[in-house]
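Number of protein chains: 4
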Amino acid sequence: MKTPLRVGLIGYGFMGRAHSNAYAKVNHFFDLEHQVVLKAVCARDDAKVKDFAARWGYESTETDWRKLIAREDIDVIDIATPNNTHAEIALAAAKAGKMILCEKPLSMTGPEGKKMVAAVEKAGVANMVWYNYRRVPAVTLAKQLIDEGRLGRIFHYRAKFLQDWTINPELPQGGAGLWRLDVKSAGSGVTGDLLAHCIDTAVWLNGSIAGVSAMTETFVKERKHNLSGKVEKVGIDDACAFLARFQNGSLATFESTRYARGHKALYTFEINGENASISWDLHDLHRLQYFDHRDQGTTRGWRSIHVSDGDHPYMKNWWVPGLQIGYEHSFVHQVADFIRGVETGKPAGPTFRDALETQMVCDAVLKSGKSRKWEKVGK
Amino acid sequence: MKTPLRVGLIGYGFMGRAHSNAYAKVNHFFDLEHQVVLKAVCARDDAKVKDFAARWGYESTETDWRKLIAREDIDVIDIATPNNTHAEIALAAAKAGKMILCEKPLSMTGPEGKKMVAAVEKAGVANMVWYNYRRVPAVTLAKQLIDEGRLGRIFHYRAKFLQDWTINPELPQGGAGLWRLDVKSAGSGVTGDLLAHCIDTAVWLNGSIAGVSAMTETFVKERKHNLSGKVEKVGIDDACAFLARFQNGSLATFESTRYARGHKALYTFEINGENASISWDLHDLHRLQYFDHRDQGTTRGWRSIHVSDGDHPYMKNWWVPGLQIGYEHSFVHQVADFIRGVETGKPAGPTFRDALETQMVCDAVLKSGKSRKWEKVGK
Amino acid sequence: MKTPLRVGLIGYGFMGRAHSNAYAKVNHFFDLEHQVVLKAVCARDDAKVKDFAARWGYESTETDWRKLIAREDIDVIDIATPNNTHAEIALAAAKAGKMILCEKPLSMTGPEGKKMVAAVEKAGVANMVWYNYRRVPAVTLAKQLIDEGRLGRIFHYRAKFLQDWTINPELPQGGAGLWRLDVKSAGSGVTGDLLAHCIDTAVWLNGSIAGVSAMTETFVKERKHNLSGKVEKVGIDDACAFLARFQNGSLATFESTRYARGHKALYTFEINGENASISWDLHDLHRLQYFDHRDQGTTRGWRSIHVSDGDHPYMKNWWVPGLQIGYEHSFVHQVADFIRGVETGKPAGPTFRDALETQMVCDAVLKSGKSRKWEKVGK
Amino acid sequence: MKTPLRVGLIGYGFMGRAHSNAYAKVNHFFDLEHQVVLKAVCARDDAKVKDFAARWGYESTETDWRKLIAREDIDVIDIATPNNTHAEIALAAAKAGKMILCEKPLSMTGPEGKKMVAAVEKAGVANMVWYNYRRVPAVTLAKQLIDEGRLGRIFHYRAKFLQDWTINPELPQGGAGLWRLDVKSAGSGVTGDLLAHCIDTAVWLNGSIAGVSAMTETFVKERKHNLSGKVEKVGIDDACAFLARFQNGSLATFESTRYARGHKALYTFEINGENASISWDLHDLHRLQYFDHRDQGTTRGWRSIHVSDGDHPYMKNWWVPGLQIGYEHSFVHQVADFIRGVETGKPAGPTFRDALETQMVCDAVLKSGKSRKWEKVGK
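Chains as they are written, first to last, in our numbering: chain R, 61 to 439; chain Y, 61 to 439; chain L, 61 to 439; chain Z, 61 to 439.
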């Protein structure tokens, strides 16, 4: 008989759905000692939260997250709300001794994130941040190859996250579905929303970033705000590019924008090492491109690895070789790994502490965008 | 309150899992009047079927499919067993007035399939065959483009389904996981297993096939049989290629093999029309390649359409533009459409009758492979 | 001081230009004992042939190919005229003891080709047919890999040559630039023009073809003829697909058409062997796709080899790694190899005898297209 | 009768060959009033320069470039020598009233380049710099599309030029074939050699660059010098990445390195405009990727344009649609355009003045690499 792991989810937006799907699927495909139980979902709108609960099979609902946290029958609090609420909820959940799964980015700022790290570490509760792309099988494979030393010394890292959804100046900001464009809810624009993903992966794959030189832009300066109904100044960064140095000496370029026609969610990275190189992109997430200089000379080429074989990360849990999984599966993998971490006592990353490092890089990037100087990444 | 649709699944292999996942997910993502209920799963091994039920949340189990069919609390029988059992189960289920979802291919032969069609049509029960690839969004989009007349007169159709998993002569045949290699269970090799998918899509997209000239091969003549423990003659076709004429006059080539190094499940098709062409492959299932000659001259090119936008088939039900779904989702779409068909009285295809046409083409292909002549497709 | 090799070219169409360019370039890039001399060019229109000679630097012109062949100062006769003239010219040139470079296909039919082979072999003159694609570096590399045994036993071969230039029914047939559409000049349509290339490569790479089953079509039945000015029946095959068996047991599909929207000159082949697979296409001619099953499991993938490195066939003669050459260079390579063959006494292929085999396959294909039966390839 | 255009080439290295090939071919494929005459080639080694002349058909040789410039029978001086010699030769050639074709980069520094611009403009001689990539047909097509306004307002520009040939620390610097690694001959490393190409194209396509923030690196600090025979400090930049702002407000990232495993000469750019986007890379130089948001919604996709059709830039001069040309042809196009500029009085770019702008950007990049600040591009 499996041990129940009772989840209390806060927020039912895009991420609330993604997390719920992961909870619903994980025990179908992964052998775990725990059985995830969709215990409760919480949001302010009672009718809507009840609809959500019915659709996904949550046993109960709440409209006040403090009540949710206070419940004895909840083991894990999942924070899937806008960025500006993460800290308060997390601090309370930690205090209540709940395990915490927090949507990324961890916090609005580095200092805020530090408090969150301190809280979960003091409370000794399992904690994780939903940087889900680490667990796309091709990305996990990239990590394995690097850890095996296949690339040798790494010279270059490049990452981009390109979207095109805010080119239209008539698009409003703020409110449901658009809080990511509102600086008060989001903290920053592409830096916290998209580059944070790129940075999390980069630090995981290539170690810490020492310093950055950044350039930010807000192409559309004013947009109607959906909450006030008025045209207001846009406070977020529409686009951000930065140069970086890793502590291992490698050079990097990072870029994100929501003004790249033709790209919906093109997260891509490439890493060049002395012996081998790797590249990947989210639009074709099953493929890892791999070049190995040690291959026989005339047959060297970029290998397009269809990461769908039984010995590829996570893939034996799904279908048969050649058949693809998608975006949502990265969340299922994360839940599976979180639970295994709880079961084995070896916490899976990214923990709050891991995610804090990404936050510190974001802070340095935003600072550099204003100072127009190289900025060191704080500790 | 939704109306329950109580499913009784027979078989818990690869397809049993794929169907169960579809049932478990469909109400999370699609707005339907029915709520799918995982009522019972049936298989001969009591312990294993109980494990399967526990994992997937089936309420009960059976070890005799006849008992399952006899149950009053079952609305739909899902046949996910080897090919040689489809007909008997389907005839009984139809007689019992159950809706039927049958795994492909419909039957061992055309004549057997005709009996099944007659049975479901006489019983007036909803019926469908799991040719799931029709509902990969990119394939559905191809159908829409053809139906809108974008291609104009169609000159050419090509399809392939390439695998590499039986190159090793030490691989046995027969029994769990390997019944597809055993002619007694499967009826044929790549023709019924893989080309049947290609034919279903082709007939759906381009109309009926008039005649074929085929070539079949069994590269490995003998394999150990897992049930007898003895080396036995291999009765299936390892590889099959055929020329075909559609009734609309277009020319076609079809090919399937399990001896194509480098391909795990490479189902691909290309269609050339007088105004536009389309191609697709299963290894990169989100991409539809589309060339339109009516584009301005110097900018004509094959468009790599990432079929992940909100106005693409089925995609508004999932995540946000640019984020991929996978193989399993085609089954979810099929369940959703099946249910909508039940709700609207407009049955979704492929029905047993639709699938019979594929069966008749398969029969002609296998006949031609032996006769070494062109063979007409029977009615 | 180099030995002159004095060329007399007959025909100044597309192929006349391609060959002239090869002669003009070969000594700039290849170290040979011979210096190619553009001695004379011959065609019926005196003004036009003089213009051509001036443009390309031919020293003299002729309007009667018999006179050209009679000249003492010509070493090599290059036949770049329509197919129906190859035999007569080649027989005369052989009789006159000239080396012969003949445009493909060798002849109108197999029997005609046999006479040509007999003539050059009796005369003992160096001879070659311009199946230029063998010498695209990526194709030559494919040959090397196969000869080294990298693929192991070959199971499958597929080739296509797809064009779209005759979809418009208003396009006339016959005369300058369009003789390929006129059965009297061309002998056949896509079979002799395009599939002949595919067959030449296939036989070179994978050995002889034993038998074929073909399907041919003429989508546009009548076209205006540019010579008669009248609408006439189209005698050539617009499209042709065939199944084939190689003598080594491998299965093949071949297809060509001029009705494939979106493809201008898409010659492509793929070969599946027990250990490795290869594919290539003419639209991206520098890339050879190579999959090797012996690569470490999790990093197996199709290698996209950019065949532009110094150790790739022919490439050290051109620029630096990464920089591409094009279509025309295959002709330069062929001239270089022809001359080396003359210098070393080891004739480079394809000789007339090699090309005859392709002719015999074409004959079998056209015969099968009519008989609708499998036909053996004649000797 | 055509007017002769008598070329005197200085230098016979990689670029000397590329230019010679262009001169040899241009009249075969382009209709011009001038006939290029390979009058003389000049280099210090008498035996080698005579060999070169014999191979390429130069009528005479010189070993002192001043003598070449003094000759009355030379119309055009082509400077294909190391960077540190461009200025002195160009100043002398201008003074002598010769037309000048100068290899890129124009000069060692901006101030040096200004003198060269002043000299040719004062002398009133035709002048051009060999930034050949502008005339790869796909790149020229990109220019046409931008000039037609297809992209609308441009938000983003990214360019990279990636190589991998200096990863081996045993590779020496300096002397024949390796002068590009010697700061005394080359002035800079990847900045002047590779980024200069990227900058030339970028300014041509997207206008002037206002400011930059750069990061440079020399991964291998010391290498044996081929001239001194001693291990010496490496003075060039191995790798360089920079952020940039165009004067039109668009954001850019540029990067070049010789430490990118798997890339031989991967020059690539991507441009995102409000209505459309474009991307291109040198490894597949015939393909322009083009995304147009105005395409009908469900069929939007990146078009892979095979720039080989008769209405594509320069292509009607070559073969037939679908057949590729290569790297060398960009030089042929440049010669053809240079001559047409002379014939029409409308000089083709990039002139020395155009190339000076690239030089000024390079200066700002190198300065920023040291200052670690944003630097404005000088006038």
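C-beta: ideal position from N, C-alpha, C; glycine also.
The C-beta separation of L:Val86 from L:Val67 comes to about 11 Å, leaving the pair out of contact by the 8 Å criterion. Its Cα nearest to that of R:Lys284, the residue R:Leu231 stands out among R:Leu231, R:Phe314, R:Ala336 and R:Arg321. Counting along the chain, no beta strand (DSSP E) covers Z:Glu119, and no H or E run does either. Within the segment 341-352 of chain Z, Arg347, Leu348, Gln349, Tyr350, Phe351 and Asp352 place their CB atoms closer than 9 Å to a CB of chain Y, listed in sequence order. For Z:Lys62, there is no enclosing beta strand (DSSP E), as DSSP gives it neither H nor E.
Counting along the chain, Z:Thr261 sits inside the alpha helix (DSSP H) bounded by residues Ala256 to Asn266. Secondary structure note for R:Met168: it is in no beta strand (DSSP E), with a DSSP letter that is neither H nor E. Under the rule that a run must span 3 or more residues, the beta strand (DSSP E) segments found entirely inside the segment 216-301 of chain L read 269-277, 282-284 and 291-293.
Each of Y:Glu93, Y:Ala107 and Y:Ile385 was checked against the Cα of Y:Ala198, and the nearest Cα belongs to Y:Ile385. Cβ proximity to chain Z below 7 Å picks out Ser273, Met275, Glu277 and Phe279 from the segment 270-282 of chain R. Exposure of L:Gln356 is indicated by the presence of fewer than 16 other C-beta atoms within 10 angstroms of its C-beta. Within the DSSP bridge table, the entry for Z:Ser431 names no partner.
Under a criterion of Cβ atoms nearer than 9 Å, the residues of chain L adjacent to Z:Ile385 are, in order, Gln384, Ile385, Gly386, Tyr387 and Glu388.
In this structure, the beta-carbon distance from Z:Tyr374 to Z:Thr200 falls below 8 Å.
Between the C-alpha atoms of Y:Glu132 and Y:Lys406 there is a straight-line separation of about 25 Å. Beta-bridge partners assigned by DSSP to L:Cys162: L:Ile139 and L:Val189.
Z:Tyr350 sits in a strand when the DSSP states are folded into three classes. Identification of chain Z residues near R:Ser337 by a Cβ-Cβ cut-off of 9 Å yields Asp224, Ala320, Arg321, Gly322 and His323, ordered along the chain.
Linking Y:Ile338 to Y:Leu265 through their CA atoms gives a straight-line distance of about 11 Å. Rounded to the nearest whole angstrom, the CA to CA distance from R:Gly322 to L:Lys324 is 26 Å. With a contact defined as Cβ atoms closer than 8 Å, Z:Val185 and Z:Ala154 qualify at about 6 Å.
For Z:Thr328, no CB of chain Y lies under 8 Å from its own CB, so it is not counted at the interface with that chain.
At a cut-off of 8 Å, the C-beta of Z:Ala82 has no neighbouring C-beta in chain L.
Segment contact: the segment 97-106 of chain R against the segment 119-127 of chain R, three or more CB-CB distances shorter than 8 Å; contact assigned.
Taking the CA atoms as reference points, R:Tyr319 sits about 7 Å from Z:Phe215. In this structure, the alpha-carbon of Y:Gly409 lies about 32 Å from that of Y:Asp111.
A distance below 8 Å separates the beta carbons of R:Gly173 and R:Leu416. If you draw a straight line from the Cα of Z:Glu93 to the Cα of Z:Val402, it comes to about 10 Å. Using a Cβ-Cβ cut-off of 8 Å, Z:Phe306 does not count as an interface residue toward chain R, since no Cβ of chain R sits closer than that to its own.
Counting along the chain, no alpha helix (DSSP H) covers R:Ile134, and no H or E run does either. Nearest to Y:Phe412 by C-alpha distance, out of Y:Leu166, Y:His88, Y:Ile134 and Y:Leu69, is Y:Leu166. For R:Arg77, the enclosing alpha helix (DSSP H) begins and ends at Phe74 to Phe89.
If you ignore the 5 residues before and after Y:Gly247, its C-beta comes within less than 6 Å of the C-beta of Asn143 and Met168, all in its own chain and listed in chain order. Between Z:Trp434 and Z:Phe89, the beta carbon gap of about 46 Å keeps them out of contact (Cβ cut-off 8 Å). Here Z:Phe221 has Leu254, Cys258, Ser316 and Tyr327 as same chain residues with Cβ atoms under 6 Å from its own Cβ, once five neighbours each way along the sequence are excluded. If you compare the alpha carbons of Z:Asp371, Z:Cys300, Z:Asp138 and Z:Tyr72 with that of Z:Ala424, the shortest gap goes to Z:Cys300.
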